[in-house]
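Protein chains in written order, with this note's numbering: chain Y, 10 to 337; chain G, 10 to 337.
2 protein chains.
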Amino acid sequence: MRIAVDAMGGDFGSSPLVQGALQALKERDFALVLVGDEQVIAPLIPAECKQKVEIVHCTDFITMEEGATSALKRKESSIYLAIEMLKNKQIDAVVSAGHSGATMSLATLKIGRLKGVSRPAICTLMPRIDAQKSLVVDAGANVDCKPENLFEFGIMGHEYATAILNYPKARIGLLANGEEECKGNEMTKAAFDLLKKHPSFIGNIEGNNIFDANVEVIVCDGFVGNVVLKTSEGVADSIIFLLKKYIKSSPIGIFGALFMKNVFKKLKKQIDYAEYGGAPLLGVDGNVIICHGKSNAKAMKNAVFQAILAVENNVNDKILSALEKYKI
Amino acid sequence: MRIAVDAMGGDFGSSPLVQGALQALKERDFALVLVGDEQVIAPLIPAECKQKVEIVHCTDFITMEEGATSALKRKESSIYLAIEMLKNKQIDAVVSAGHSGATMSLATLKIGRLKGVSRPAICTLMPRIDAQKSLVVDAGANVDCKPENLFEFGIMGHEYATAILNYPKARIGLLANGEEECKGNEMTKAAFDLLKKHPSFIGNIEGNNIFDANVEVIVCDGFVGNVVLKTSEGVADSIIFLLKKYIKSSPIGIFGALFMKNVFKKLKKQIDYAEYGGAPLLGVDGNVIICHGKSNAKAMKNAVFQAILAVENNVNDKILSALEKYKI
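Right, dumping it as structure tokens:
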């Protein structure tokens with residue numbers, strides 16, 4: 010198995026991206042292809058790993074400030090080269106923490122969509138109270154959606170949850186402003202009617218259900234999905250900020266907190282995005298994992314594991330079958 | 010000043026609703042009108058308060074399971090009577106923890122909209138890290154919106170934030186999937202162009218900005234607003250659930266937590282919805298405060314204070330002037 014990691018374009022340079030990929034290599038057996046500036050990358054690779062690592066040299070990459078469409082012309086950029094290799098079956102999966110719009114555009118246009126998929130979607134893993142994960146599909150790829158798109162998101166998310174997260178029975182919920190069938194906007198109401206065809210569809214769910222372990226696959230458009238992700242991050246960050254502030258402002262609080270280190274560590278681990286890795290781009294005819302620009306080494310390592318699991322479990326074949334089975 | 014409190018229809022019966030209203034009466038000078046079953050309400054009122062409290066008797070109320078439209082025919086229900094009194098200028102404001110859809114429908118259809126308002130909106134207060142509050146408009150009244158609706162939500166929220174929350178310069182942000190002007194869905198992009206007219210508009214904001222004290226008025230449609238509210242509640246509840254779980258699972262954690270009681274109390278106070286009271290229904294020609302069905306006495310007390318502030322500060326006159334000034 011050959012996994013390509015885009016070693017350019019993350020917010021913190023190549024180092025955490027390469028470190029994370031190398032950590033994955035220590036734990037799992039695969040061939041690692043690092044795409045990026047050889048002068049930067051090569052010194053980061055210890056001698057004992059060199060045999061398992063190939064560097065595809067390039068110096069260009071898409072910065073976060075650039076438009077996604079410019080990626081299509083930048084044939085010497087790291088993500089272009091990585092996607093090109095995936096298209097040519099030289100590698101089995103791509104992991105990138107670079108410009109996510111660029112990765113999506115290139116993957117969709119160069120590799121193409123799976124048969125039956127009208128729009129690929131980003132599938133983000135969210136923490137929940139039982140230490141398992143739920144999936145939000147779409148987490149940002151498609152801001153304006155049609156009911157059919159949401160229907161496909163549900164099917165793709167269900168197959169991913171079953172194949173990769175090992176849920177024996179993943180439930181699909183449609184994110185809405187109330188649980189009753191009459192709730193929703195015009196678009197989600199029409200999506201509700203389509204999703205009813207799927208035996209795992211449990212109806213409308215609300216924002217709090219994302220975390221309460223009563224649903225595994227949360228379907229929404231990419232605008233709402235992005236708002237949900239950012240809102241969740243904002244609440245978690247605010248609570249941690251306030252906890253720290255109140256602890257620091259009281260000597261007795263500081264004393265108490267010394268005994269709570271393990272508690273805070275466990276909490277941090279459970280809500281830390283780095284534990285989850287990246288977000289698969291579902292619906293393209295290849296395995297592409299999109300990572301947060303701020304990914305640290307741990308996040309990259311876990312993203313590489315996700316890529317390996319996607320390849321091993323033939324997620325895309327399962328999505329293809331499900332789309333064929335439930336087609337509208 | 011006369012404030013009517015709908016003493017029926019909350020999730021926990023009349024008691025917390027009446028208690029909260031009476032607590033408000035102890036701290037502020039106004040006449041309280043309680044609308045509901047006299048047999049239930051009268052025993053809850055201590056002798057020393059009786060002079061300031063009037064009971065408008067009725068036994069019917071709209072349950073949470075009923076449709077909002079049925080409220081229009083239920084002329085002997087508590088919320089119908091309260092809204093009718095507001096329409097007839099017998100009272101200055103209505104506070105209700107009953108069926109919010111029923112309250113909205115009755116207020117909109119019987120009292121009517123302010124001139125220049127195409128859709129009334131629910132304006133929910135959210136906690137933020139600086140212990141001030143931000144406003145989300147619309148938090149659930151209108152699931153399918155046009156750009157003009159969002160423009161009006163921004164203006165109404167801005168006037169409310171200035172008049173009631175005392176922000177000398179409240180900033181208006183449009184909730185989107187990215188900060189750049191190019192981000193947003195078709196509807197929010199068009200709303201962006203309209204909101205540009207307002208000098209306090211700062212452009213697109215993201216979900217995390219709701220809490221970071223960089224924006225006061227967050228504009229979105231009611232579908233997204235409801236998802237934001239429920240997601241925020243879900244994240245906060247989950248973190249508190251996990252904290253408790255991890256503390257309980259470790260003796261040393263339990264010991265440390267004993268010294269953290271004040272820290273947790275401060276945190277709870279800052280993120281407790283009851284501190285905020287209710288959500289004003291902006292855009293109707295009268296003061297209506299919609300409360301959570303689960304409102305406790307403290308929430309009801311604060312909701313009554315909100316109603317008093319709205320009357321004292323003539324919020325609706327200010328909204329009228331602003332809508333006239335910035336009209337499209």
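We put the CB at the ideal spot given by N, CA and C, even for glycine.
Quick caveat, the model's predicted, so the values are computed rather than measured.
Expressed to the nearest angstrom, what Euclidean distance is found between the alpha-carbon atoms of residue i and residue j?
i, j, result
"L329(G)", "D69(Y)", "55 Å"
"G76(Y)", "A111(Y)", "8 Å"
"G29(Y)", "K307(Y)", "6 Å"
"G286(Y)", "I92(G)", "53 Å"
"S258(Y)", "R137(G)", "18 Å"
"E47(Y)", "I298(Y)", "22 Å"
"G107(G)", "K82(Y)", "58 Å"
"H167(Y)", "K178(Y)", "9 Å"
"E225(G)", "N218(G)", "9 Å"
"R37(G)", "A172(G)", "19 Å"
"Q315(Y)", "I214(G)", "31 Å"
"L31(G)", "I54(G)", "8 Å"
"M10(G)", "I249(G)", "40 Å"
"L90(G)", "P289(G)", "19 Å"
"F220(G)", "S143(G)", "7 Å"
"D202(G)", "G193(Y)", "26 Å"
"F162(G)", "S109(G)", "18 Å"
"T197(Y)", "D153(G)", "11 Å"
"T117(Y)", "K119(G)", "52 Å"
"K277(Y)", "A245(Y)", "10 Å"
"L318(Y)", "I131(Y)", "17 Å"
"V62(G)", "A283(Y)", "57 Å"
"P129(G)", "E242(G)", "24 Å"
"T240(G)", "G234(G)", "10 Å"
"V272(Y)", "H66(G)", "53 Å"
"A140(G)", "K35(G)", "25 Å"
"Y362(Y)", "A170(Y)", "Outside the modelled stretch of chain Y, which goes from 10 to 337, sits residue 362(Y), for which no answer is possible."
Run down chain Y in chain order and give the residues with a C-beta less than 8 Å from the C-beta of residue i.
i, result
"L267(G)", "G265"
"K158(G)", "This sequence places Asn at residue 158(G); Lys is not what is there. Correct list: empty, because the minimum Cβ distance to chain Y is about 13 Å."
"G149(G)", "N186"
"S259(G)", "N271 and V272"
For a contact meaning CB atoms closer than 7 Å, what does residue i contact in chain G?
i, result
"Y255(Y)", "V272, K275 and L276"
Could you check how far apart the C-beta atoms of residue i and residue j are, in whole angstroms? I think they sit under 8 Å.
i, j, result
"A13(Y)", "V103(Y)", "5 Å"
"K253(Y)", "Y255(G)", "With a Cβ gap of about 17 Å, K253(Y) and Y255(G) do not count as contacting."
"V236(Y)", "V228(G)", "With a Cβ gap of about 12 Å, V236(Y) and V228(G) do not count as contacting."
"G45(Y)", "S23(Y)", "6 Å"
"F232(Y)", "A200(Y)", "No, F232(Y) and A200(Y) are not in contact; Cβ-Cβ is about 14 Å, not under 8 Å."
"L115(Y)", "A80(Y)", "5 Å"
Give the interface partners of residue i over in chain G, defined as CB-CB distance under 8 Å, in chain order.
i, result
"G107(Y)", "Here the premise fails: no neighbours, minimum Cβ distance about 16 Å."
"L81(Y)", "Simply none; closest approach about 17 Å."
"L184(Y)", "V236"
"A245(Y)", "V244 and I248"
"G262(Y)", "F268, M269, N271 and V272"
What in chain G is Cβ-close to residue i, meaning under 9 Å?
i, result
"H181(Y)", "Here the sequence assigns Ile to residue 181(Y), which means His is not the residue at that position. What I181(Y) touches in chain G: nothing, since even the nearest Cβ is about 17 Å away."
Please list the partners that residue i has in chain Y, where partner means a Cβ-to-Cβ separation under 7 Å.
i, result
"F250(G)", "I138"
"N194(G)", "V152, D153 and F232"
**Q.** Stretch pair the stretch 256 to 269 of chain G + the stretch 259 to 270 of chain Y: three plus CB contacts closer than 8 Å
**A.** yes
Q. For the stretch 279 to 305 of chain G, which residues have a CB atom closer than 9 Å to at least one CB atom of chain Y, in sequence order?
A. So the close ones are Q279 and I280.
Q. So, do the stretch 198 to 213 of chain G and the stretch 123 to 138 of chain G have three or more beta carbon pairs nearer to each other than 8 Å?
A. The stretch 198 to 213 of chain G makes no contact with the stretch 123 to 138 of chain G, as fewer than three CB pairs between them are under 8 Å.
Q.
Taking 8 Å as the cut-off, does the stretch 280 to 294 of chain Y touch the stretch 285 to 300 of chain G (at least 3 CB pairs, one atom from each stretch)?
A. no
Q. Listed from N- to C-terminal order along the chain, which residues in the stretch 196 to 224 of chain G have their beta-carbon within a distance smaller than 8 Å of any beta-carbon of chain Y?
A. T197, E215, G216, N217, N218, I219, F220 and D221
Q. For the stretch 226 to 240 of chain G, which residues have a CB atom closer than 9 Å to at least one CB atom of chain Y, in sequence order?
A. Within the stretch 226 to 240 of chain G, the residues whose Cβ lies closer than 9 Å to some Cβ of chain Y are C229, D230, G231, F232, V233, G234, N235, V236, V237, L238, K239 and T240, listed in chain order.
Q) Do the stretch 315 to 334 of chain Y and the stretch 147 to 157 of chain Y touch if we need at least three Cβ pairs shorter than 8 Å? A) no
Q | Where the stretch 56 to 75 of chain G meets chain Y: residues whose CB sits under 7 Å from a CB there | A | none
Q) Any contact of the stretch 185 to 196 of chain Y with the stretch 15 to 26 of chain G, i.e. 3+ C-beta pairs under 8 Å? A) no
(Q) Any C-beta of chain Y within less than 8 Å: which residues of the stretch 113 to 147 of chain G qualify? (A) P136, R137 and I138
Q.
By the 8 Å beta-carbon criterion, what residues does the stretch 82 to 101 of chain G contribute toward chain Y?
A. none
Q. Between the stretch 23 to 42 of chain Y and chain G, which residues of the former have CB atoms less than 7 Å from a CB of the latter, in chain order?
A. For the stretch 23 to 42 of chain Y, there are no residues whose beta carbon sits under 7 Å from a beta carbon of chain G.
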